[in-house]
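Which chain is which? The protein sequence lines are A and Y, in order. Just so we're aligned, residue 0 is where the first sequence starts under numbering that gives the first Met the number 0, counting upward by one. Just so we're aligned, residue 0 is where the second sequence starts under numbering that gives the first Met the number 0, counting upward by one. One structure below.
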Amino acid sequence: MQSQEEQPILSIERLNVWYGKKQILKDLTFDIYPKQVTAFIGPSKCGKTAFVRCLNRLNDLQHDFRYKGNIHFNGNDINDPKTKSTDIAQKIGMIFPKPIPLQRSIYEDVAYSARIRGIKQPERLGYIVERSLSNAQLWDEAAENLDASPKTLSISQQQRLCIARALAANPDIIIFDEPCEQLDAAETPKLEAIIQNLKSDYTIIFVTNKRRQAARVSDVAGFLYDGELVEYGQTEEIFTNPKDERTENYVTGRLG
Amino acid sequence: MNMSYPIILCLTCLILLVTLYLILDNRHNTVLEESDLIDHEILTDPIYSLQDKINSMLPILIVSILIGIVFAVLLQEWVPAESWIYRISDFIIAILAGIPSVFYGLLCVYYFLLKSGRVSYLTQSLTVVLLTMPIAFQSTQNAVKSVDVSIREAVYALGVKKSKVITAHVLPHAYSGIMSGVYTAVSRSFFVAGLILVTFTWTIHSRASFSIPKNASVFLIAALLCSLCSSLLKKQSVNTDYPA
């Protein structure tokens with residue numbers, strides 16, 4: 000589908016997912032290529048979040064989760080019993096709709112995910128914290144009070160703190176699961192700018208139910224409807240010249 | 000949960016029968032003499048007995064509450080909610096926690112003190128365990144269950160090991176809930192000790208026979224039934240909620 004020569008970073012083959020008896024995803028097969036923003040759009044409850052949770056094995060927490068099919072990450076099957084789920088989660092970071100600070104201070108919160116990787120030297124930790132915070136565009140606002148509690152930050156700043164924390168874990172892929180859901184409309188452009196900047200170093204998977212946002216941010220887009228991947232291709236193509244009727248209805252606002 | 004209804008009925012009937020047997024059984028309706036009780040100083044010298052009781056029962060109290068907490072965390076975090084181990088332990092604990100505390104005291108007194116004339120260390124310990132363990136278990140379970148899923152997910156998504164997630168993030172968030180359970184459990188055991196002490200001191204001093212009057216038994220059975228129903232229904236309403 001893609002004209003790139005590159006190897007896909009993630010390749011999904013015939014992925015079927017059930018929660019209990021309900022089938023959430025039906026027979027997804029596609030590849031995700033590195034260093035670009037891949038957006039998944041679709042009405043709510045269409046399986047977008049369920050899909051991205053398969054990638055970092057967060058679905059393992061769901062006791063009635065079942066799956067069939069393969070997901071290969073850099074050529075390795077991520078559901079292989081020999082693959083540690085903690086390794087996968089470190090390589091595939093995730094930003095949630097609601098920011099959750101985990102530690103008492105901003106510094107500790109960002110350093111936490113670097114510590115999980117086994118980094119202990121204070122100088123290296125300091126460097127990683129500074130770099131992650133600047134990549135998340137929070138360094139200018141938080142540099143002076145790194146010891147303050149993350150709860151003192153605004154929701155938008157907390158979300159950026161979560162991005163910094165995910166970056167400090169040194170992932171290959173970052174999943175953004177509706178990251179702007181709790182934010183003000185005025186704060187959204189800042190977050191979109193961060194995503195555009197991160198694109199050069201990381202593979203971004205972006206889940207949203209705002210079609211305009213997907214059109215602005217992404218390079219490649221997939222339209223999920225009722226667990227099926229209806230259409231997958233260049234964002235421009237999907238938004239200007241959709242092949243499927245359902246995609247056209249969704250993109251133009253007649254559906255969902 | 001529909002499989003548990005017959006079990007609930009059977010168990011309730013069983014407990015009712017045992018209670019009725021105890022109440023209507025008049026074989027022990029003998030007048031208590033102070034000499035009947037080998038360690039009667041427990042009842043007659045409150046200061047001595049208090050010191051003694053606390054010294055001997057405090058370790059048991061602490062251990063049984065700790066067992067309740069650890070068991071609850073292990074069950075809640077590592078055993079899937081639909082497995083039979085989870086269901087059965089959950090159910091038994093709900094029954095044990097649902098029985099009013101005074102029944103444990105009365106059972107202990109009736110069966111062990113009056114039958115053998117002395118309270119053995121094992122009997123006392125068992126009573127303390129039955130009184131405190133289920134309460135500590137239930138409140139820990141609820142506290143752990145009510146920790147926001149998004150916190151767990153945020154930590155798991157960073158690649159933290161499960162044991163670390165629980166010790167470093169889930170338990171600190173559940174701390175106040177667990178501690179509230181600990182205090183409830185301790186108060187329950189102290190309450191029963193005080194109640195039994197009052198009753199027995201009075202019985203011995205008035206040289207009356209120790210038996211439960213018929214009208215009191217009606218109240219006790221009603222209390223037992225209501226308390227059991229409350230505990231089991233609470234369990235069901237908790238079990239039916241489904242993670243989104």
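By construction, the Cβ of each residue, glycine as well, lies at the ideal position given by its N, Cα and C atoms. The structure presented is a predicted model; accordingly, all values stated were derived computationally and were not measured.
Residue i in three-state terms, based on DSSP
| i | result |
| --- | --- |
| Y:Ser145 | coil |
| A:Thr37 | strand |
| A:Ile77 | coil |
| A:Phe95 | coil |
| A:Thr256 | Residue 256 of chain A lies beyond the stretch modelled for chain A, which goes from 0 to 255, so this question has no answer here. |
| A:Gly221 | strand |
| A:Arg245 | helix |
| A:Ile11 | strand |
| A:Asn69 | strand |
| A:Leu228 | strand |
| A:Leu27 | strand |
| Y:Ile66 | helix |
| Y:Val17 | helix |
| A:Gln157 | helix |
| Y:Ile150 | helix |
| Y:Val159 | coil |
| A:Val16 | strand |
Residues near residue i by beta carbon distance below 7 Å, same chain, minus five either side
| i | result |
| --- | --- |
| A:Asn73 | Ile8 |
| Y:Ile66 | Met132 |
Nearest to residue i (by Cα), restricted to the options the options
| i | options | result |
| --- | --- | --- |
| A:Gln22 | A:Thr251, A:Met93, A:Arg65 and A:Asn240 | A:Arg65 |
| Y:Cys107 | Y:Lys163, Y:Tyr120 and Y:Phe70 | Y:Tyr120 |
| A:Ile154 | A:Val229, A:Glu186, A:Val216 and A:Asp30 | A:Glu186 |
| A:Leu60 | Y:Val154, Y:Ala192 and Y:Ala135 | Y:Val154 |
| Y:Ser179 | Y:Ile53, Y:Leu130, Y:Ala142 and Y:His168 | Y:Ala142 |
| Y:Ile134 | Y:Arg151, Y:Ser230 and Y:Leu13 | Y:Ser230 |
| A:Pro149 | A:Asp108, A:Val219 and A:Asp225 | A:Asp108 |
| Y:Ser100 | Y:Trp77, Y:Leu74 and Y:Val127 | Y:Val127 |
| A:Gln181 | A:Arg114, A:Ile31 and A:Phe95 | A:Phe95 |
Proximity test, Cβ basis, 7 Å: residue i and chain Y
| i | result |
| --- | --- |
| A:Ile115 | yes |
| A:Thr202 | no |
| A:Thr82 | no |
| A:Gln102 | no |
| A:Leu57 | yes |
| A:Lys97 | yes |
| A:Gln22 | no |
Cβ of residue i within 7 Å of any chain A Cβ
| i | result |
| --- | --- |
| Y:Gly104 | no |
| Y:Lys144 | no |
| Y:Val17 | no |
| Y:Gly158 | yes |
| Y:Glu76 | no |
| Y:Ala167 | no |
| Y:Ala153 | yes |
| Y:Thr29 | At Y:Thr29, the pLDDT of 48 sits below 50, so the modelled position is not reliable; the number obtained from the coordinates is stated separately. Cβ-Cβ to chain A under 7 Å: no for Y:Thr29. |
| Y:Ser149 | yes |
| Y:Ile37 | Low per-residue confidence applies at Y:Ile37: pLDDT is 44, beneath 50, and the placement is therefore not dependable, though the value from the model is reported in the following sentence. Closer than 7 Å: no. |
| Y:Glu33 | Only weak support exists for where Y:Glu33 lies, its pLDDT of 48 falling under 50; the value from the coordinates is given anyway. Not closer than 7 Å to any Cβ of chain A, the Cβ of Y:Glu33 fails to qualify, so no. |
| Y:Pro171 | no |
| Y:Pro79 | yes |
| Y:Ser229 | no |
Neighbourhood of residue i by C-beta distance below 8 Å, restricted to the same chain and skipping five residues each side
| i | result |
| --- | --- |
| Y:Thr11 | Leu224 and Leu227 |
| A:Arg215 | Glu191 |
Residue i, buried or exposed, once every other Cβ within 10 Å from all chains shown has been counted against 16
| i | result |
| --- | --- |
| A:Tyr18 | buried |
| Y:Pro79 | exposed |
| Y:Ile84 | exposed |
| A:Lys20 | exposed |
| A:His62 | exposed |
| A:Arg56 | buried |
| A:Gln195 | exposed |
| Y:Ser34 | Note that Y:Ser34 scores a pLDDT of 48, beneath 50, so its modelled location is shaky; the value from the coordinates is reported in the next line. It is exposed - the Cβ of Y:Ser34 has fewer than 16 other Cβ atoms within 10 Å. |
| A:Asp183 | exposed |
Residues of its chain near residue i, where Cβ-Cβ distance is below 6 Å and the 5 sequence neighbours each way are ignored
| i | result |
| --- | --- |
| A:Leu152 | none |
| A:Tyr231 | Phe29 and Gly221 |
| A:Ile70 | Ile11 and Ile77 |
| A:Glu227 | Lys25 |
| A:Ser112 | Arg164, Ala167 and Ala168 |
| Y:Ile59 | Ser124 and Val127 |
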